[in-house]
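A.B. asks:
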Amino acid sequence: MKNLMLVAFMAMIAFGCKDKAEKTQKEMESDRIAEAEAEKPPQEWTVLFDGSSFDGWKEYNKEGVSDNWKLEDGAMVFYPPTDRKKGDAFNLVTENEYTDFILSLEWKISEGGNSGVFWGVNETPELSEAYQTGPEVQVLDNEKHPDAKNGTTHQAGSLYDMVAPSEDVTKPVGEWNTMVITVNHKEQKGSISLNGTDIVDFPVGNEMWNVMVSKSKFADWDHFGKFTAGKIGLQDHGNIVSFRDIKIKEL
């Protein structure tokens with residue numbers, strides 16, 4: 000009996016030592032993974048507009064930036080021309096293209112004004128406007144611009160004509176709004192936050208995206224929302240609008 004108890008005791012010790020060794024190996028592997036992650040360079044913000052120049056920007060399908068865009072107090076401000084000719088447009092786009100990213104910026108709209116922020120813009124001479132390819136996040140005076148009366152999917156912060164904001168968190172006209180747009184094709188999802196509040200979630204680059212587009216005004220647009228990589232754009236919609244502190248973090 001004593002021999003049996005001794006054998007059982009020794010087996011328990013051996014099992015405990017093995018379990019401890021396995022646990023140590025797991026802990027070591029976990030530490031190794033944590034160290035490897037720590038050694039990866041952190042994701043960095045890239046400044047797209049620092050308030051001092053239009054470096055990295057151009058007008059859509061043009062070279063350079065016209066005098067309709069001004070630099071004022073660290074912001075880029077669009078003033079619509081008084082002698083605009085039919086077909087004239089002065090949308091800004093980045094010189095570089097982006098695929099998966101977090102875009103952060105501030106915008107300020109004029110009274111009764113309308114503008115927007117695009118992504119996935121494909122700059123081509125065959126298409127005269129950035130909105131023909133790039134989905135838009137609406138910038139708007141919800142109180143006085145008539146488009147706000149065309150449904151919540153046309154109001155500030157919406158994924159234009161597709162997803163309405165969950166609530167109106169815009170600041171009064173003349174004040175700055177902070178907007179963050181996330182587009183992640185790897186995870187097939189995107190989001191919009193305005194003034195610190197998450198207001199829109201939407202699918203990206205999958206069948207759910209296609210279904211959403213098919214229910215919008217863009218359903219029959221051959222090139223809309225089709226480009227995984229594209230330029231960031233700022234819209235000329237005929238009203239004064241300001242943008243500042245524009246930065247992007249690629250995912």
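Residues 0 to 250 (numbering that gives the first Met the number 0) are what the sequence shown spells out, left to right.
Glycine included, every Cβ here is placed at the ideal spot set by N, Cα and C.
(1) Taking the beta strand (DSSP E) that Asn194 falls in, what are its first and last residues?
(2) Starting from Asn209, follow the alpha helix (DSSP H) in both directions and report where the run begins and ends.
(3) Just the Cα atoms here: how many angstroms apart are Ala218 and Gly156?
(4) Note down, in chain order, each residue of its chain lying with its Cβ closer than 7 Å to the Cβ of Lys214, except the 5 sequence neighbours on either side.
(5) Taking the alpha-carbon positions, what's the Ile180 to Phe226 distance?
(6) Under the rule that 16 or more other beta-carbon atoms within 10 Å means buried, what is Val6, buried or exposed?
(7) On a CA-only basis, which of Gly50, Tyr59, Pro79 and Gly86 is nearest Leu70? Give me that one, please.
(8) Is Lys148 buried or exposed, if buried means 16 or more other CB atoms sit within 10 Å of its CB?
(9) Quick one, are the C-beta atoms of Lys134 and Gly119 less than 8 Å apart?
(10) Just confirm the distance between the C-beta atoms of Asp146 and Val172, as a whole number of angstroms; I'd bet it's less than 8 Å.
(11) So what does Lys107 bridge to, in DSSP terms?
(12) What separation, rounded to the nearest whole angstrom, lies between the Cα atoms of Tyr130 and Gly229?
(13) In angstroms with no decimal places, state the Cα-to-Cα distance between Gly237 and Ile231.
(14) Is the distance from the Cβ of Leu126 to the Cβ of Thr93 below 8 Å?
(15) Which whole-angstrom value describes the C-beta separation of Ser190 and Asp200, a residue pair presumed to lie in contact below a C-beta threshold of 8 Å?
(16) Is the beta carbon of Phe53 closer than 8 Å to that of Met75?
(17) Could you check what DSSP says for Tyr252 in three-state terms: helix, strand or coil?
(18) Taking only three categories from DSSP, how would you classify Ile247?
C.D. replies: Straight from the coordinates:
(1) Residue numbering aside, residue 194 sits at position 195 when the sequence shown is read from its first letter. From DSSP, Asn194 is part of no beta strand (DSSP E); its letter is neither H nor E.
(2) Sequence index remark: in the sequence shown, residue 209 carries index 210 (1-based). Per DSSP, Asn209 belongs to the alpha helix (DSSP H) from Glu206 to Ser213.
(3) As a position in the sequence shown, residue 218 is number 219, starting the count at 1. As a position in the sequence shown, residue 156 is number 157, starting the count at 1. Across the structure, Ala218 and Gly156 are spaced so that their CA atoms are roughly 21 Å apart.
(4) Counting from one through the sequence shown, the residue named residue 214 turns up at place 215. Nothing listed; no residue qualifies.
(5) On the sequence shown, position 181 is the one that residue 180 refers to. On the sequence shown, position 227 is the one that residue 226 refers to. Going by the C-alpha atoms only, they are around 17 Å apart.
(6) If you number the sequence shown from 1, residue 6 lands on position 7. Residue placement at Val6 is poorly supported in this model, since its pLDDT is 45, which falls under 50; the coordinates are not used for a value here.
(7) As a first step, residue 70 is located in the sequence shown; it is residue number 71 there, counting from the start. Cα-wise, what sits closest to Leu70 is Gly50.
(8) Here residue 148 corresponds to residue number 149 of the sequence shown, with the count starting at 1. The residue in question, Lys148, is exposed, as its Cβ has fewer than 16 Cβ neighbours within 10 Å.
(9) Numbered from 1 along the sequence shown, position 135 holds the residue referred to as residue 134. Numbered from 1 along the sequence shown, position 120 holds the residue referred to as residue 119. Reading the sequence as shown, one finds Pro at residue 134 and not Lys. Cβ atoms of Pro134 and Gly119: closer than 8 Å.
(10) As a first step, residue 146 is located in the sequence shown; it is residue number 147 there, counting from the start. As a first step, residue 172 is located in the sequence shown; it is residue number 173 there, counting from the start. No, Asp146 and Val172 are not in contact; Cβ-Cβ is about 15 Å, not under 8 Å.
(11) The residue labelled residue 107 in the question sits at position 108 within the sequence shown. Beta-bridge analysis with DSSP links Lys107 to Ser241.
(12) Along the sequence shown, read from residue 1 onward, the residue named residue 130 stands at position 131. Along the sequence shown, read from residue 1 onward, the residue named residue 229 stands at position 230. C-alpha separation (whole angstroms): 12 Å.
(13) For this step, residue 237 is matched to residue 238 along the sequence shown. For this step, residue 231 is matched to residue 232 along the sequence shown. Annotation: Gly237 to Ile231 spans about 19 Å, alpha carbon to alpha carbon.
(14) If you number the sequence shown from 1, residue 126 lands on position 127. If you number the sequence shown from 1, residue 93 lands on position 94. No. Outside cutoff.
(15) Locating residue 190 in the sequence shown gives position 191, where the first residue counts as 1. Locating residue 200 in the sequence shown gives position 201, where the first residue counts as 1. Indeed they touch by this definition, with Cβ atoms about 5 Å apart.
(16) Taking the sequence shown and counting its residues from 1, one reaches residue 75 at position 76. Taking the sequence shown and counting its residues from 1, one reaches residue 53 at position 54. A contact, by the Cβ cut-off of 8 Å.
(17) Lying outside 0 to 250, the shown extent of the chain, residue 252 is not represented and no answer is given.
(18) The residue you call residue 247 lines up with position 248 of the sequence shown. Strand at Ile247.
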